[in-house]
Amino acid sequence: MLELTGIHHAAIICSDYPASRRFYVEILGLRVIAETWRASRQSWKLDLQLPDGAGIELFAFPNPPLRPTYPEARGLRHLAFRVPDLDAAVAYLKSRQIQVEPIRQDSITSKRFTFFTDPDELPLELYEDR
Numbered sequence: 001m002l003e004l005t006g007i008h009h010a011a012i013i014c015s016d017y018p019a020s021r022r023f024y025v026e027i028l029g030l031r032v033i034a035e036t037w038r039a040s041r042q043s044w045k046l047d048l049q050l051p052d053g054a055g056i057e058l059f060a061f062p063n064p065p066l067r068p069t070y071p072e073a074r075g076l077r078h079l080a081f082r083v084p085d086l087d088a089a090v091a092y093l094k095s096r097q098i099q100v101e102p103i104r105q106d107s108i109t110s111k112r113f114t115f116f117t118d119p120d121e122l123p124l125e126l127y128e129d130r
């Protein structure tokens, strides 16, 4: 039996590296582990870490293709972050001029959640974990 122990990282390709770097580091508060310019690919790779150790690899390639549809494209549907206080998290994002969808309640777990997007309109979820 394969023993999975958690998510190691998610990889995201952005179109505007400075805007996405600012969003994930300054607004979401992820810690920078490494920032690498890969000359052979003319691209940046930014390794970020969440407090629980999970990571995000942010890639910036020249002219990446657009996401085919929103949000039901094949592949990653969205990335969800756990938060202890959803109301506080939403207030913080709104104070940074980030549009946030209305808070909903998961019909299965009864937990509250909402969605917002990164600079490339990648859907991100906040899921209240208390």
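Residues in the sequence shown are numbered consecutively from 1, following our numbering. C-beta: ideal position from N, C-alpha, C; glycine also. Note that the coordinates shown come from a computational prediction; the quantities given were computed from them, not determined experimentally.
DSSP three-state call for residue i: helix, strand or coil?
| i | result |
| --- | --- |
| GLU26 | helix |
| LEU111 | Before going further, note that residue 111 is Lys rather than Leu in the sequence given. Here LYS111 sits in coil by DSSP. |
| ARG67 | coil |
Report all residues from its chain with a CB closer than 7 Å to the CB of residue i; omit the five preceding and five following residues, and keep chain order.
| i | result |
| --- | --- |
| VAL100 | VAL90, LEU93, LYS94, THR114, PHE116 |
| LEU50 | LEU30 |
| TRP37 | TRP44 |
Note down, in chain order, each residue of its chain lying with its Cβ closer than 8 Å to the Cβ of residue i, except the 5 sequence neighbours on either side.
| i | result |
| --- | --- |
| LEU124 | HIS78, LEU79, ALA80, PHE81, PHE115, PHE116, THR117, ASP118 |
Let me check understanding here. Comparing Cα to Cα, which of the options lies closest to residue i?
| i | options | result |
| --- | --- | --- |
| ARG130 | ASP87, PRO62, GLN97, HIS9 | ASP87 |
| THR109 | LEU66, LEU122, ILE98, GLU128 | GLU128 |
| SER20 | LYS45, MET1, ARG38 | LYS45 |
| ILE27 | GLY55, TRP37, GLN97 | GLN97 |
| ASP120 | SER107, ALA10, PRO64, ILE56 | PRO64 |
| ASP47 | VAL83, LEU76, VAL32, GLY53 | VAL32 |
| GLU35 | GLY53, LEU58, LEU126 | LEU58 |
| ASP52 | ASP85, SER40, HIS8, VAL25 | HIS8 |
| VAL83 | LEU76, VAL25, GLU3, LEU126 | LEU126 |
Can you tell me which residues form a DSSP beta bridge with residue i?
| i | result |
| --- | --- |
| ARG21 | DSSP lists no partner for ARG21. |
| ASP47 | ALA34, GLU57 |
| HIS9 | GLY55 |
| GLN105 | ARG112 |
Can you name the start and end residues of the alpha helix (DSSP H) that residue i belongs to?
| i | result |
| --- | --- |
| VAL172 | Past the boundaries of the shown model lies residue 172; the chain is included only from 1 to 130, so the question cannot be answered. |
Can you tell me where the beta strand (DSSP E) holding residue i begins and where it ends?
| i | result |
| --- | --- |
| GLU125 | 123–128 |
| PHE59 | 55–60 |
| ARG82 | 79–83 |
| VAL32 | 31–38 |
Using a Cβ-Cβ cut-off of 6 Å (strictly less than) and excluding sequence neighbours within five positions of residue i, which residues of its own chain qualify?
| i | result |
| --- | --- |
| ALA60 | CYS14, TYR17, SER43, TRP44 |
I'd like to know if residue i contacts chain B, where contact means its C-beta is closer than 9 Å to some C-beta of that chain.
| i | result |
| --- | --- |
| PRO68 | Absent from the structure is chain B; it holds one protein chain and no more. |
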